[in-house]
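Going line by line, the protein sequences match chains A and B.
Just so we're on the same page, my numbering is the position in the first sequence counted from 1, plus 109.
Just so we're on the same page, my numbering is the position in the second sequence counted from 1, plus 332.
All C-beta atoms, glycine included, are put in the ideal place defined by N, C-alpha and C.
Some notes on the structure that comes next.
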Amino acid sequence: AQSVTQLDSQVPVFEEAPVELRCNYSSSVSVYLFWYVQYPNQGLQLLLKYLSGSTLVESINGFEAEFNKSQTSFHLRKPSVHISDTAEYFCAVSERASDYKLSFGAGTTVTVRA
Amino acid sequence: NAGVTQTPKFQVLKTGQSMTLQCAQDMNHEYMSWYRQDPGMGLRLIHYSVGAGITDQGEVPNGYNVSRSTTEDFPLRLLSAAPSQTSVYFCASSYSGAGGYGEQFFGPGTRLTVL
């Protein structure tokens, strides 16, 4: 089974500053990668995903993530954060060998301050 | 579409009580799953189902039962609640296998406290 490591449990950041959330996974031949966001007292929402094709994927609200196969990473970035980006972010991985079951990282809490 | 719905939103139980967490989806997804979320541990898979009549254990199945009699519903039963089951429970659904590559759609969660 996949293991997913999110290297930072808490990331405080000022409004309009950039942010990067790091995610590494154990190596595999073929993986599918996801970032989910959980706003306070809500369920998880898909932020973006990498299935195939271009290694750089983007969300509608300005986040982007890059799949790096050699480093087994899928880091999430945003060049300028807003107060509304305060949330917990989860990296998740699936693979055919595990019947596409999702393995989640422990989560990174982003707190945006004015 | 309502998506994935869960009831109740909050529940307090005493040790030893039993209860059922309800989950329903209206997207005709074959794959449904239950997770628990605990601080610093991400989401851990309890049980999952790849279709009506088929269920299997996930990472942390002890103390929980599931059944899948219809495509839409996937209830989670706590047989004899313990304080260690205090958690937030999420139900999720997805297209099966390669059709979805694992992308899951989540319900709003049930916050359970066991005293």
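G434(B) and L142(A) have their C-alpha atoms spaced approximately 9 Å apart. In this structure, E362(B) sits near V382(B), with a CB-CB distance shorter than 8 Å. Comparing alpha carbon positions, the residue from T195(A), S168(A), D194(A), A201(A) closest to T181(A) is A201(A). The CB of Y141(A) comes closer than 7 Å to the CB of Y433, G434 in chain B, given here in chain order. Excluding its 5 nearest sequence neighbours in each direction, F437(B) has C-beta neighbours in its own chain below 8 Å: G335, V336, Q357, M359, H361, A424, S425, S426, listed in chain order. Note that the C-beta distance between Y134(A) and A196(A) is not below 8 Å. Pairwise C-beta distances place the stretch 156 to 175 of chain A out of contact with the stretch 362 to 378 of chain B, as fewer than three of them are shorter than 8 Å.
About 35 Å separates the Cβ atoms of V138(A) and V190(A), ruling out a contact at the 8 Å cut-off. Separation of A413(B) and V446(B) (C-alpha to C-alpha, rounded to the nearest whole angstrom) is 7 Å. Contact with chain A is absent for L447(B), since none of that chain's Cβ atoms lies less than 8 Å from the residue's Cβ. In this structure V221(A) is buried. Its beta-carbon is surrounded by 16 or more other beta-carbon atoms within 10 angstroms. Across the set F123(A), S212(A), T114(A), the C-alpha of F123(A) shows the shortest separation from the C-alpha of D194(A).
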